[in-house]
Ligand code: SF4
C-alpha cells in the first residue's frame with residue numbers, strides 16, 4: 001500500500017476549507033520553518049487520508065463538502081501516483097484543489113496529469129533568482145523550478161511565493177523574480193506574494209527578520225512590474241482577516257485541537273511524533 005506520512009490536517013474556522021500536510025521534502029532550505037520538512041506523523045494511504053478529511057469535515061462543519069482543499073508539506077509532489085490519486089479522490093467533495101509546492105518535480109506532464117485529476121491552482125515557491133544563492137539555500141538548482149513555472153503559466157491558476165531574507169534574498173533578487181514573472185504573465189494572472197523571513201523559527205540562523213520598510217520597498221519594486229504583488233500574511237487564502245485567528249488541527253487518530261498561530265509555533269515540535 002502506497003503511503004505518505006501525515007502529521008496532521010488543518011481546518012479553517014472561517015470557511016469550509018482544509019489543508020493536508022504531507023511530510024518529507026526534497027529541498028533542505030536553510031530558512032525552512034516547516035515541521036513537515038522531515039518525515040513526521042503517521043503513514044496513511046490515500047483512502048485513509050481522504051477518510052480522515054471527510055470525517056473531520058463532517059464533524060466540524062456538519063458536511064463533508066469543502067469549498068477548498070490545499071495540499072501542502074513538506075513537499076507534496078514527492079510521490080506522483082499518490083498525489084494524482086489524492087487529487088482525484090478529493091475531487092468528489094470539493095470544487096477547488098490547490099497544490100503548494102517548491103515546483104522542482106512539477107514538470108509539464110506531471111502538472112497535466114494533476115489538472116486532469118481535478119487540480120485547480122498551484123502555489124509555487126521561487127526561493128531565489130540567482131542560481132548560486134538558490135543552490136546554497138535549498139541544495140538544488142532553480143533552473144527546473146523556473147522552467148516548470150514557465151510551463152505551468154496559462155494551464156492553471158498560479159500564486160508564486162518568495163521569502164524576503166535580508167542580505168540574501170532581498171530587493172535585487174525579488175526584483176529579478178518580478179521581472180521574470182511579468183515577462184510570462186501577459187494576462188496579469190499571477191499573484192506574487194513576498195513573505196517575511198522568520199529568524200526565530202528557521203532551521204539555521206542565516207539572517208535577521210526583515211524590517212517593515214524593507215518589505216514595503218520590495219512590494220513597491222514588484223508593483224512596478226506586476227499588478228498583483230502582495231506582502232504575505234500567514235496564509236494567502238485567509239490574509240484579509242484582521243482578528244487573531246485560530247485553526248483546527250486534526251491528528252491522524254481523529255483528535256482535534258484549536259490552535260492559533262502562536263500555538264502552532266509553540267506546539268508543533270513537541271506534539272508531532274518524529275520518525276527517522
Ligand atoms: S521546500 Fe518548503 S518544506 Fe521543503 S525545505 Fe524548503 S521551506 Fe522547508
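Residue numbers (my numbering): 1 to 276. We put the beta carbon where it would ideally sit given N, CA and C, even for glycine.
Burial state of residue i (16 or more Cβ within 10 Å)
i	result
residue 160	buried
residue 241	Residue confidence is low: residue 241 scores 47 on pLDDT, short of 50, so the model does not pin down where it sits. Its coordinate-derived value is still stated next. It is exposed - the Cβ of residue 241 has fewer than 16 other Cβ atoms within 10 Å.
residue 5	buried
residue 195	buried
residue 173	buried
residue 254	exposed
Host alpha helix (DSSP H) of residue i (start-end)
i	result
residue 129	From DSSP, residue 129 is part of no alpha helix (DSSP H); its letter is neither H nor E.
residue 12	Element bounds for residue 12: not the alpha helix (DSSP H) but the beta strand (DSSP E), 9 to 12.
residue 215	212 to 225
residue 179	171 to 184
residue 149	143 to 152
residue 90	80 to 90
Given residue i as reference, the closest of the options once Cα atoms are compared
i	options	result
residue 143	154, 136, 130	130
residue 11	69, 75, 41	69
residue 62	15, 41, 167	15
residue 170	189, 125, 221, 203	221
residue 262	246, 250, 254	246
residue 168	25, 76, 214	214
residue 40	56, 135, 75	75
residue 178	78, 99, 225	225
residue 147	54, 108, 20	108
residue 95	151, 66, 216, 18	66
residue 37	21, 86, 52, 47	21
Proximity of residue i and residue j at Cβ, strictly below 8 angstroms
i	j	result
residue 23	residue 73	yes
residue 91	residue 45	no
residue 102	residue 163	no
residue 97	residue 120	yes
residue 206	residue 31	yes
residue 8	residue 197	no
residue 156	residue 122	yes
heavy atom of ligand 1 below 7 angstroms from residue i C-beta
i	result
residue 75	yes
residue 202	no
residue 124	no
residue 27	yes
residue 36	yes
residue 102	yes
residue 138	yes
residue 32	yes
The beta strand (DSSP E) enclosing residue i, as first and last residue numbers
i	result
residue 18	17 to 22
residue 34	Neither: residue 34 is in no beta strand (DSSP E) and is coded neither H nor E.
residue 59	Where residue 59 is concerned, there is no enclosing beta strand (DSSP E), although the alpha helix (DSSP H) it sits in stretches over 46 to 61.
residue 195	191 to 196
residue 161	157 to 164
residue 112	That residue, residue 112, is in no beta strand (DSSP E); its alpha helix (DSSP H) goes 108 to 117.
residue 258	256 to 260
residue 68	68 to 73
residue 208	It is not in any beta strand (DSSP E) - residue 208 carries neither H nor E in the DSSP assignment.
residue 248	246 to 250
residue 4	4 to 6
residue 95	Residue 95 -> no beta strand (DSSP E), and no H or E assigned at all.
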